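To start, the structure under review is shown below, and the notes come after it.
Protein chains in written order, with the numbering used here: chain A, 6 to 300; chain B, 3 to 357.
Structure (structure tokens):
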């Protein structure tokens with residue numbers, strides 16, 4: 006470490022910390038602070054942190070919002086519903102994404118570039134518009150139902166929209182690239198010689214996959230799974246546009262508390278609980294990824 | 003019957019013919035080396051036997067069974083890869099056990115076999131280490147143990163010593179021959195290092211441009227190369243190109259620039275005027291400061307390279323031609339740089355090449 010003075014080093018290390026403090030820790034603290042307030046009618050629609058009772062300044066915090074969340078099983082069901090939906094979407098993304106990533110990694114030259122381009126192509130269009138497009142495809146007189154009835158395969162439109170099916174389809178469709186890309190990354194880093202060595206030692210293709218390819222691409226699978234699972238749990242747009250009356254996801258509950266009920270403190274508390282619930286699996290995942298990389 | 007019987011296999015990659023009509027037969031327990039420059043097709047040849055490449059035509063028969071169309075995982079051969087290809091997510095013991103587990107061998111027998119292999123390559127203390135925790139030499143031993151664990155009928159070794167440093171290479175060469183003798187498995191080694199091939203193998207094939215140019219014992223290859231390519235590729239050599247003539251005392255080679263024709267071995271059977279080359283190994287050259295009573299070439303010492311056990315003396319002849327002479331021990335001490343010497347050799351030590 007020569008040439009870079011003490012101050013220079015401090016600045017170099019300090020910049021990312023300042024960035025994190027400004028754009029992650031500070032907003033999170035504001036949300037936590039709102040979650041500890043009471044809802045009032047006014048601007049802002051919550052009680053101030055310090056109240057003056059005429060004699061001295063008093064800290065005004067309440068856990069009532071968290072008690073409300075814990076007391077009403079609507080919230081618990083929404084959290085669980087989100088988790089189950091997101092987990093199912095993750096598993097489906099993995100099952101669909103792994104073979105796609107494998108095919109891309111096996112392709113050579115220009116073909117590989119083309120496949121990667123196709124995976125990333127949807128990002129060129131707004132996410133919102135792409136989800137809207139699914140409504141046009143899935144609705145009772147949409148493309149898919151029309152197509153099937155023209156073929157004579159169905160006599161009445163299938164209920165494809167505003168149910169569990171359309172929400173899952175939307176989640177898998179939207180998050181699939183986030184599963185494909187990290188798995189592709191670890192597959193293309195895999196030394197093909199190891200695959201040959203396994204075959205040479207008597208392993209048929211199925212066992213080469215299970216014994217060598219799969220364990221060596223576990224970091225990619227883990228990274229992809231968390232990249233799908235975590236945003237999918239908090240997803241709002243997809244359940245709102247494609248979901249039905251039976252769709253209960255926490256992102257939608259949060260939205261309703263915030264915009265429909267204008268209850269910022271409860272909305273903030275819902276968000277705080279969500280962040281806390283996600284932080285632990287995220288930390289565990291990071292541990293796991295760091296562990297496999299060291300090995 | 004030979005263990006490995008290959009008849010006229012060819013393999014083409016696009017426009018290049020990597021292996022062209024090669025036939026080979028290897029006996030049980032042989033230590034066979036395939037020697038050739040990089041890009042000569044030797045690795046492709048090995049991969050054809052292992053089953054990673056499918057031959058365009060020809061047959062590969064191992065121990066009486068035609069394996070030409072079989073996938074690698076059912077062939078009774080194992081390969082030791084140049085990069086070792088150890089599984090990074092498994093420890094040493096699991097790497098060695100990998101092939102045995104594919105055979106659904108009983109657990110206790112696998113453990114016993116792994117221990118046996120660890121002892122064979124002296125790696126018993128490292129059984130729980132991961133490949134990245136081992137040195138290059140240790141990884142090489144694990145790769146050998148893993149390839150031998152299944153007791154293959156034929157072990158293929160792709161440049162087994164190339165990744166080791168020089169000191170370790172010499173030692174490992176001895177160990178490899180010792181292990182081969184102990185287990186009795188047939189070894190087929192591919193290498194570009196002639197010293198490696200000559201010192202380890204009982205039989206050597208020299209390969210060039212997808213074809214075998216000579217097959218024989220190391221001594222045959224070195225002492226009696228069949229072509230300029232073999233003479234030049236295997237060891238150092240002084241080459242003289244010219245036309246055959248007859249002198250009073252026997253056959254000789256008329257070389258441009260030389261007043262006298264160079265005498266050839268007396269048993270040379272070639273017709274007058276034929277174009278040929280004479281190859282003389284550096285250690286066959288004799289240097290003297292006075293003209294000996296046989297054919298000799300006047301030259302000047304341009305440099306002397308000390309090799310420890312001897313010296314290599316670089317000479318420049320009156321014709322401006324470079325010659326190399328190897329003098330054992332401290333014999334080169336008699337000549338200094340710039341000294342005028344006579345280089346000669348007994349005519350029977352030269353080799354006449356027509357290809």
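Idealized CB from N, CA, C, for every residue including glycine.
Here the structure is a predicted model, which means the values were calculated and not measured.
- Item | Under 9 Å from the C-beta of residue 228/A: neighbouring residues of chain B | The premise fails here: residue 228/A is roughly 17 Å from chain B at the closest Cβ pair, so nothing lies under 9 Å.
- Message: Under 8 Å, Cβ to Cβ, is there at least one residue of chain B near residue 151/A?
- Response: no
- Using 8 Å as the Cβ pair cut-off and three pairs as the minimum, do the segment 206-213 of chain A and the segment 145-158 of chain A touch? no
- Reduced DSSP secondary structure (H/G/I, E/B, other) of residue 241/A: Three-state result, residue 241/A: coil.
- Nonlocal neighbours in the same chain, by C-beta distance under 8 Å from residue 287/A, ignoring five residues either side: 231 and 235
- Please list the segments of the beta strand (DSSP E) lying wholly inside the segment 279-344 of chain B, counting only runs of 3 or more residues, in order along the chain. 288-290, 298-308, 312-319 and 324-330
- Message: Against residue 199/A, what residues of chain B qualify as contacts under a CB-to-CB distance less than 7 Å, listed in chain order?
- Response: 87 and 89
- Query: Does residue 440/B have its Cβ less than 8 Å from a Cβ in chain A?
  - Reply: Nothing can be reported for residue 440/B: it is not among the residues displayed for chain B, which extend from 3 to 357.
- Item | Same chain only: Cβ atoms within 7 Å of residue 51/A, ignoring 5 sequence neighbours per side | 39, 42, 43, 44, 45, 269 and 270
- Message: For residue 240/A, which residues in the same chain have their Cβ closer than 7 Å to its Cβ, ignoring the five residues on either side in sequence?
- Response: 176, 254 and 256
- Query: Looking at the C-beta of residue 164/A, does it have a partner C-beta in chain B at a distance below 8 Å?
  - Reply: no
- Task: Assign residue 125/A to buried or exposed, taking buried as 16 or more other Cβ atoms, counted over all protein chains shown, within 10 Å of its Cβ.
- Result: exposed
- Query: With a cut-off of 8 Å, does the C-beta of residue 105/B fall near any C-beta of chain A?
  - Reply: yes
- Query: Thinking C-alpha only, which one of 55/A, 178/A and 114/A is nearest residue 93/A?
  - Reply: With distances taken between Cα atoms, residue 93/A lies closest to 178/A.
- C-beta neighbour in chain A for residue 81/B, strict 8 Å: Answer yes: the Cβ-Cβ gap between residue 81/B and chain A drops below 8 Å somewhere.
- Whole-angstrom C-beta distance between residue 238/B and residue 326/B, which should lie under 8 Å: 6 Å
- Mind listing the chain B neighbours of residue 202/A? Cutoff is C-beta to C-beta under 7 Å, in chain order. 83 and 87
- Query: Should residue 141/B be counted as a contact of the ligand HEM given a C-beta to heavy atom distance under 7 Å?
  - Reply: Ligands in the displayed structure: none, and consequently the ligand HEM is not present.
- Task: Let me know if residue 346/B comes out buried or exposed under the rule of 16 or more other beta-carbons within 10 Å of its beta-carbon.
- Result: buried
- Could you have a look at residue 61/B and say whether DSSP puts it in helix, strand or coil? strand
- Give every residue of the same chain whose Cβ lies closer than 7 Å to the Cβ of residue 20/A, excluding the five residues on either side of it in the sequence, and list them in chain order. none
- Candidates 60/B, 124/B, 145/B and 65/B, of which the one nearest residue 99/B by Cα: Measuring from the Cα of residue 99/B, the nearest candidate turns out to be 145/B.
- Message: Is the beta carbon of residue 263/B closer than 8 Å to that of residue 255/B?
- Response: yes
- Which residues in the same chain as residue 30/B place their Cβ atom closer than 7 Å to its Cβ, once the five residues preceding and following it in sequence are excluded? Non-local C-beta neighbours of residue 30/B in its own chain, meaning closer than 7 Å and more than five positions away in sequence, comprise 5 and 188, ordered along the chain.
- Item | residue 56/B classed as buried or exposed, judged by whether at least 16 other C-beta atoms fall within 10 angstroms | exposed
- Beta-carbon proximity of residue 284/B to residue 314/B, cut-off 8 Å: The answer is yes: Cβ separation under 8 Å.
- Message: Can you find the residues in the same chain that come closer than 7 Å, C-beta to C-beta, to residue 213/A, ignoring five residues on each side of it along the sequence?
- Response: 200, 203 and 204
- Message: Which residues of the segment 50-79 of chain B have a Cβ closer than 9 Å to any Cβ of chain A? Give them in chain order.
- Response: Considering only beta carbons, the part of the segment 50-79 of chain B lying closer than 9 Å to chain A consists of 52, 53, 54, 73, 74, 75, 76, 77 and 79, in chain order.
- Same chain, Cβ closer than 6 Å to residue 19/B, neighbours up to 5 away in sequence not counted: Answer for residue 19/B: 212, listed in chain order.
- For residue 240/B, which three-state DSSP category applies? strand
- Task: State the CB to CB distance for the pair residue 66/B and residue 107/B, rounded to an integer number of angstroms; the pair is presumed to be in contact (CB under 8 Å).
- Result: The pair is not a contact, with the Cβ atoms about 24 Å apart (cut-off 8 Å).
- Can you tell me which of 201/B, 248/B and 194/B puts its alpha carbon nearest to the alpha carbon of residue 161/B? 194/B
- Query: Can you list, in chain order, the residues of its chain whose CB lies under 6 Å from that of residue 260/A, leaving out five sequence neighbours each side?
  - Reply: 241
- For residue 86/B versus residue 141/B, is the C-beta distance shorter than 8 Å? Yes, Cβ-Cβ distance for residue 86/B and residue 141/B is below 8 Å.
- Message: Just to check my reading of the structure: residue 250/B and residue 32/B have Cβ atoms closer than 8 Å, yes? What is that Cβ distance to the nearest angstrom?
- Response: That pair is no contact at about 47 Å.
- Going along the segment 203-218 of chain A in order, which residues come within less than 9 Å of chain B, judged by CB to CB distance? 203, 204, 205, 206, 207, 208, 209, 210, 212, 213, 216 and 217
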